[in-house]
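Asker: Below is the structure I would like to discuss, written out as structure tokens.
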Amino acid sequence: DNKPTERIIQVGWMQCCANPLDVEEELTCGVAKAGNKRIEDSEGFCCGCNLEDITSGIPTRGSLKCSALSMSESAHCLGFDDL
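Structure (structure tokens):
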């Protein structure tokens, strides 16, 4: 049924790109297309660690490991089941 899902890609600090103005080759998630037309807002989004994540130890979206020595980001992308 081609149900949409969320794919999570963990990347290094400041290496996630989800700017809709960028060319699709630079986007961490890529984009979804209908035919050859890019679907608006399909580039996903990025999450990263902040100071509160480092000090609180509360789990982050994407299960990032946040510490002062290890910063990372996650890209949250559209995924689709096969038909």
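When we follow my numbering, the leftmost residue of the sequence shown carries the number 1081, and every step to the right adds one. Just so it is clear, CB atoms sit at the ideal spot from N, CA and C, and this is done for glycine as well.
Could you pull out every unbroken alpha helix (DSSP H) segment of at least 4 residues lying fully inside the segment 1092-1144, listed in chain order?
Answerer: Here the runs fully enclosed are 1131-1136.
Asker: Opposite C1157 in the DSSP bridges: which residues?
Answerer: Paired residue(s): R1087.
Asker: With distances taken between CB atoms, is the gap from C1126 to A1098 smaller than 8 Å?
Answerer: Result yes, Cβ atoms of C1126 and A1098 sit closer than 8 Å.
Asker: Please classify S1150: is it buried, with 16 or more other beta-carbons within 10 angstroms of its beta-carbon, or exposed?
Answerer: Looking at its Cβ environment, which holds fewer than 16 other Cβ atoms inside 10 Å, S1150 is exposed.
Asker: Name the residue from L1144, L1107, K1117 whose alpha carbon lies nearest to the alpha carbon of W1093.
Answerer: Checked all of L1144, L1107, K1117; the closest Cα to W1093 is L1144.
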